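Protein chains in written order, with the numbering used here: chain U, 1 to 101; chain R, 1 to 373.
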């Protein structure tokens, strides 16, 4: 879906979320803790939200939200992000997007 | 002055609880006059033969002791009759006898209390087994729970989990013993590797069981009532904290290479960041649930305008518990990648023994907290 892909490329780290989803909030906190400010897009506040949800599922996301894109590429949902983080891979991927302190 | 009192033994869960034991008064035994039938009548519901035999052994021991006391007092008095008996000597003799009798009484009491403590511990274990067996009966008798509808599903879901967890613990003890033997007998890396893999898979098995139980009743899992009390003290979203795991392992896996030290350090940091994120997510969930429940007008009692939203939030809890377990699992896996096979074996043993000790501490606590101040 072009809308999803378009939004996914707007920033280094993009999280598709729902305003009621606390797991999405947790994933956002995780990225902030690593020093990255993600773009969070609430699909439940978008009129095309349902279609976006279906598109994300079709792309292979285990749960529609949170859906995390890094550098425009779909990384997955919470499970995938946690695995990437603990293996040290996530930090490597985020290097170009980390805020310079 | 005392009639028989009902002694409540703390069992696993607060909700499903019954007074099983009735312990009659044993106060009569502590009188130093040496009663011939020093029998404490202890009534135990059900067929608990082994604990009865322990208590009967205590009875016979007391009978012997009271006999000894009565024979002991006969000896010295005959000796003193031969000498010129002054009033002072008689008093002294009487005081000495009293002191001796009191001392023996105290020793008897000590021995008796010790017997009671071990019996109590045994009773607690038997009671837990009984409850597990009862749940097993409930599980097998599926017809009863299915008639209870959704509530029946929850009860049988929890009953199944408790039964399986009991079996898991027994298996876990086997794994720990195998690891201990392997390390002591210096097995080859290949054989150790198999044990390590089995150990980690066994934890994965637990997380699978918990995932199913979370869908049946997430609050039950979150309460940690299926764990021992000391383990419950360290509870974080339905289980142990992954970063704590690393703390427990650290002293047992040294020495580490520089690369390993770096990797472990990074893993610890990632763990803590992930835990922090999940904790904050949980707080947000609590906050929004509270807001949802509190919303609406006054005087509406339990009617909640946003019931659906509240229910959604509760379902979100399941996801958090599952993610916490996922975190535990990948922490274990990452550690096994960083460590050598030998280190991983020692680490797994350390972890297993750590929880074993927490469980032992819990049992000890239950028995020791019954002593009078």
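A virtual CB, placed ideally from N, CA and C, is assigned to each residue, including glycine.
All figures in this text were calculated on a predicted structure; none of them were measured in a lab.
The straight-line gap separating the alpha-carbon atoms of residue 31 of chain U and residue 245 of chain R is approximately 23 Å. Spatial neighbours of residue 334 of chain R in its own chain (CB-CB distance under 7 Å, excluding positions within 5 residues in sequence) are listed in chain order as 267. In the DSSP assignment, residue 17 of chain U falls within the unbroken beta strand (DSSP E) covering 13 to 17. For residue 364 of chain R, the uninterrupted alpha helix (DSSP H) segment begins and ends at 341 to 368.
Against residue 23 of chain U, the close residues of chain R are 281, 316, 319, 320, 323, in the order they occur along the chain (beta-carbon pairs closer than 8 Å). Between the alpha carbons of residue 352 of chain R and residue 228 of chain R lies a distance of about 14 Å. Per DSSP, residue 41 of chain U is one residue of the beta strand (DSSP E) stretching across 39 to 42. Considering only beta carbons, the part of the segment 64 to 96 of chain U lying closer than 7 Å to chain R consists of 78, 79, 82, 83, 85, 86, 87, 88, in chain order. In the DSSP annotation of this structure, the continuous segment of the alpha helix (DSSP H) that includes residue 3 of chain U starts and ends at 2 to 8. With distances taken between CA atoms, residue 218 of chain R lies nearest to R:323 out of R:323, R:175, R:174. Following the DSSP letters along the chain, one finds residue 261 of chain R inside the alpha helix (DSSP H) bounded by residues 258 to 294. The secondary-structure analysis by DSSP pairs residue 67 of chain U across a beta bridge with U:16. Annotation: the continuous beta strand (DSSP E) that includes residue 73 of chain U extends over 73 to 76. Sixteen is the threshold: since fewer than 16 other Cβ atoms of the shown chains lie within 10 Å of the Cβ of residue 88 of chain R, the residue is exposed. The DSSP-derived three-state label of residue 240 of chain R is coil.
Nearest neighbour of residue 169 of chain R by Cα position, chosen from R:155, R:258, R:332, R:132, turns out to be R:132. CA-to-CA, the gap between residue 80 of chain U and residue 239 of chain R works out to about 21 Å.
Of all residues in the segment 12 to 41 of chain U, only 20, 21, 22, 23, 24, 25, 26, 27, 28, 29, 30, 31, 32, 33, 34 come within less than 9 Å of chain R when Cβ atoms are compared, listed by chain position. In this chain, residue 186 of chain R is not harboured by any alpha helix (DSSP H), its DSSP state being neither H nor E.
DSSP places residue 255 of chain R outside both helix and strand once states are collapsed to three, so it counts as coil.
Here residue 265 of chain R is exposed. Its C-beta has fewer than 16 other C-beta atoms within 10 Å. The C-beta of residue 288 of chain R has 16 or more other C-beta atoms within 10 Å across all chains shown, which makes the residue buried. In this structure, residue 29 of chain U lies near residue 280 of chain R, with their beta-carbon atoms less than 7 Å apart.
Boundaries of the alpha helix (DSSP H) harbouring residue 308 of chain R: 307 to 338, taken from the DSSP string. With distances taken between CA atoms, residue 45 of chain U lies nearest to U:19 out of U:59, U:19, U:78, U:62. Only those residues of the segment 246 to 259 of chain R whose C-beta falls short of 8 Å from the nearest C-beta of chain U would be listed, and there are none. With contacts defined as CB atoms closer than 7 Å, residue 182 of chain R and residue 195 of chain R qualify as a contacting pair. For residue 314 of chain R, the number of other beta carbons within 10 angstroms of its own is below 16, and it is reported as exposed. Residue 92 of chain U: member of the alpha helix (DSSP H) spanning 89 to 94, first to last residue.
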